[in-house]
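To start, the structure under review is shown below, and the notes come after it.
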Amino acid sequence: MTAISTSSLATPTGPTSNSAKSGGFIALWSALTGALLVTALVLIYRAPVELQMGISQKIFYFHVPSAYAMYIGFFTAAIGSAIYLIKGSDRAESVAIAGAEVGVLFCIVVLTSGPLWARKAWGVWWTWDPRLTTTLLAGMVFLAYLMLRGFAGPNAGATERKFAAGLAIFGILDLPIIHYSVQRWRGQHPTVITNKGGGLDPGMYPALYVSFAAFTALVVLLLVLRSRQERLAFQVEGLRQTLSERGYDEV
Amino acid sequence: MKSETPYSAAVAIDCPRASNARPTLKRLSRIVCGLLLLSGLGVAGVSPVAAEDVAEERASAFRAATGAEKEDVPGGALMAGAYGIILVLFVGYAWHLGRGQRRLASELDHIQKALEHGPARSDA
Numbered sequence: 001m002t003a004i005s006t007s008s009l010a011t012p013t014g015p016t017s018n019s020a021k022s023g024g025f026i027a028l029w030s031a032l033t034g035a036l037l038v039t040a041l042v043l044i045y046r047a048p049v050e051l052q053m054g055i056s057q058k059i060f061y062f063h064v065p066s067a068y069a070m071y072i073g074f075f076t077a078a079i080g081s082a083i084y085l086i087k088g089s090d091r092a093e094s095v096a097i098a099g100a101e102v103g104v105l106f107c108i109v110v111l112t113s114g115p116l117w118a119r120k121a122w123g124v125w126w127t128w129d130p131r132l133t134t135t136l137l138a139g140m141v142f143l144a145y146l147m148l149r150g151f152a153g154p155n156a157g158a159t160e161r162k163f164a165a166g167l168a169i170f171g172i173l174d175l176p177i178i179h180y181s182v183q184r185w186r187g188q189h190p191t192v193i194t195n196k197g198g199g200l201d202p203g204m205y206p207a208l209y210v211s212f213a214a215f216t217a218l219v220v221l222l223l224v225l226r227s228r229q230e231r232l233a234f235q236v237e238g239l240r241q242t243l244s245e246r247g248y249d250e251v
Numbered sequence: 252m253k254s255e256t257p258y259s260a261a262v263a264i265d266c267p268r269a270s271n272a273r274p275t276l277k278r279l280s281r282i283v284c285g286l287l288l289l290s291g292l293g294v295a296g297v298s299p300v301a302a303e304d305v306a307e308e309r310a311s312a313f314r315a316a317t318g319a320e321k322e323d324v325p326g327g328a329l330m331a332g333a334y335g336i337i338l339v340l341f342v343g344y345a346w347h348l349g350r351g352q353r354r355l356a357s358e359l360d361h362i363q364k365a366l367e368h369g370p371a372r373s374d375a
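From first to last, the protein sequence lines are chains A and B.
Just so we're aligned: 164 in the working numbering is position 164 of the first sequence, and the numbers increase by one with no gaps anywhere.
Here the working numbering = 1-based position in the second sequence + 251.
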């Protein structure tokens, strides 16, 4: 009978040396993310106040990087799902689940910070502008993916897992529409930092660049942590099933 | 052939028709035509273009203010609200991750204890 031990599950990476290394990397990356976020806040505080919108324009410094982080999350979910469909690997699916969850988190940030900005800029909390509508749609598609995977649980059947993966790949089709909606249908959404935009005041760029760096670091950190956790959940479930088959009760 | 159209209608539809009318009415018709033309330009052309320009400028470029600005909507409260929401969301997500991690650690402990006790059934 093969020896079963939980020590290898201390982290999904397995051996303790790898665990220590990845733990050190995560601690370092967390410190970097924290430092970047604090720097971004200082730069946002120092950035000039916008002429027409006043201080509420400062929502922009994390609204836009959140949208970018949302894209990263959803792309990760779609790529992980595609790899899962090709190879059937649990690791790819755990990355896909992490991507969808983190993407939805940033999508909520975008969809709550946007209306607060819009109230000042447009006089309304929400309008059915092409970019707003397509962003809401993407959030709903990936939320549906998470609900499907959540209901099925870690010991979901192949059919549920494949259907969920297909949904994530379908959801990714909406992302180019979000990105190009402003250029194609020209709604009310600002196009400040696109090719057709008039740009920012030079004093605003440092805050925006550091915010982008901070949110990139944050989204990577959350993706790594969440995918490791999901992989560990898969392994625990696999171990539980193995033990149950071998006659261990109450596992 | 004499036109059957009433004078007022002639003014509204086609100003040159008013040229046959009496001099006072002729002047009046010119004034009305001029006012209609000006108001038409104002309503249909000038105002929306100006409004569009402002909206377009606001949507395509952010410029720094050069002095004290008066705000009709409390921008500071909106910004504080936005930053507060993002903080709550990220702290909430960190708590959610921590809770998941604790649950997994507890399950691993449970499995570890089950392994120490050994299989319950003799056929295992």
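Where is the CB? At the ideal position from N, CA and C, for every residue including glycine.
Treat the numbers as computed from the prediction; the structure is a model and nothing was measured.
Worksheet item: With DSSP run on the structure shown, which of helix, strand or coil describes residue 156 of chain A?
Response: Assigned with DSSP and collapsed to three states, residue 156 of chain A falls in coil, not helix or strand.
Worksheet item: In chain B, which residues lie less than 7 Å from residue 39 of chain A when you measure between Cβ atoms?
Response: Correct list: empty, because the minimum Cβ distance to chain B is about 16 Å.
Worksheet item: Closest by CA to residue 329 of chain B, which one among A:118, A:23 and A:230?
Response: A:118
Worksheet item: Residue range of the alpha helix (DSSP H) that residue 330 of chain B falls in?
Response: 326-368
Discussion item. I need the DSSP call for residue 315 of chain B, collapsed to helix, strand or coil.
Written reply: Of the three classes helix, strand and coil, the one that applies to residue 315 of chain B here is strand, per DSSP.
Discussion item. Am I right that residue 172 of chain A and residue 74 of chain A are in contact with their C-beta atoms under 8 Å? What's the rounded C-beta distance?
Written reply: 6 Å
Item to complete: Might you give, ordered along the chain, the residues of its own chain that have their beta carbon closer than 7 Å to the beta carbon of residue 203 of chain A, omitting 5 neighbours on each side?
Response: 47 and 48
Item to complete: Kindly indicate the opening and closing residues of the alpha helix (DSSP H) around residue 207 of chain A.
Response: Start and end: 205-245.
Worksheet item: Along chain B, which residues have their Cβ under 9 Å away from the Cβ of residue 152 of chain A?
Response: Neighbours of residue 152 of chain A on chain B: none; closest Cβ ~17 Å, over 9 Å.
Practice prompt. Given a cut-off of 7 Å, decide if residue 97 of chain A and residue 237 of chain A are closer than it, judged by their beta-carbon atoms.
Written response: no
Worksheet item: Which first and last residues belong to the alpha helix (DSSP H) in which residue 183 of chain A is found?
Response: 174-185
Item to complete: Determine whether the Cβ of residue 131 of chain A lies closer than 7 Å to any Cβ atom of chain B.
Response: no
Worksheet item: residue 311 of chain B CB to nearest chain E CB: under 7 Å?
Response: Absence of chain E from the displayed structure is noted, the protein chains being A and B.
Fill in: Per-residue burial, residue 135 of chain A [other beta carbons within 10 Å of its own, 16 or more giving buried]
buried
Worksheet item: If you measure from the beta carbon of residue 48 of chain A to each beta carbon in chain B, is any gap under 7 Å?
Response: yes
Worksheet entry | Proximity winner among A:162, A:70 and A:58, relative to residue 137 of chain A (alpha-carbon distances) | A:70
Worksheet entry | Cβ-Cβ distance between residue 214 of chain A and residue 36 of chain A below 7 Å | yes
Fill in: Assigned exposure category for residue 299 of chain B - 16 Cβ within 10 Å defines buried
Because the pLDDT of residue 299 of chain B is 45, which lies under 50, any placement of that residue in the model is unreliable, and the number read from its coordinates should be weighed accordingly. Exposed.
Worksheet entry | Beta-carbon proximity list for residue 169 of chain A, same chain, < 7 Å, skipping 5 on both sides | If you ignore the 5 residues before and after residue 169 of chain A, its C-beta comes within less than 7 Å of the C-beta of 78, 81 and 82, all in its own chain and listed in chain order.
Worksheet item: Nearest-angstrom Cα distance between residue 140 of chain A and residue 66 of chain A?
Response: 17 Å
Fill in: 7 Å Cβ cutoff, residue 324 of chain B in contact with chain A
yes
Item to complete: Identify whether residue 54 of chain A lies in helix, strand or coil by the three-state DSSP scheme.
Response: strand
Discussion item. DSSP three-state label for residue 199 of chain A, please.
Written reply: Strand at residue 199 of chain A.
Worksheet item: In the region 44-69 of chain A, which residues sit with their C-beta less than 8 Å from some C-beta in chain B, listed in chain order?
Response: 48, 49, 50, 51, 52, 53, 54, 55, 56, 57, 58, 59, 60, 62, 63 and 66
Item to complete: Note the first and the last residue of the continuous alpha helix (DSSP H) segment covering residue 252 of chain A.
Response: Residue 252 of chain A is absent from the structure shown; chain A starts at 1 and stops at 251.
Discussion item. Quick check on this structure: which residue in A:115, A:219, A:144 and A:132 has the alpha carbon closest to the alpha carbon of residue 124 of chain A?
Written reply: A:115
Worksheet item: Which bits of chain A does residue 329 of chain B rub up against, with CB to CB less than 8 Å?
Response: From the beta-carbon of residue 329 of chain B, the residues of chain A found nearer than 8 Å are 56, 59, 116, 117, 119 and 120.
Discussion item. Could you check whether residue 222 of chain A and residue 109 of chain A sit closer than 7 Å to each other, using their CB atoms as the reference points?
Written reply: no
Item to complete: Decide if the region 125-134 of chain A is in contact with the region 176-189 of chain A; the criterion is three or more beta carbon pairs, one per stretch, under 8 Å apart.
Response: yes
Fill in: 6 Å CB neighbourhood of residue 160 of chain A in its chain, flanking five on each side removed
152
Practice prompt. Identify which residue in A:51, A:228 and A:144 has its Cα closest to the Cα of residue 165 of chain A.
Written response: A:144
Item to complete: Answer with buried or exposed for residue 210 of chain A, where buried requires no fewer than 16 other C-beta atoms within 10 angstroms of its C-beta.
Response: buried
Discussion item. Using CA atoms only, rank isn't needed, just tell me which of A:219, A:58 and A:86 is closest to residue 76 of chain A.
Written reply: Here the closest residue by C-alpha is A:219.
Discussion item. Check whether chain B comes within 7 Å of residue 174 of chain A, counting only Cβ atoms and requiring the distance to be less than that.
Written reply: no
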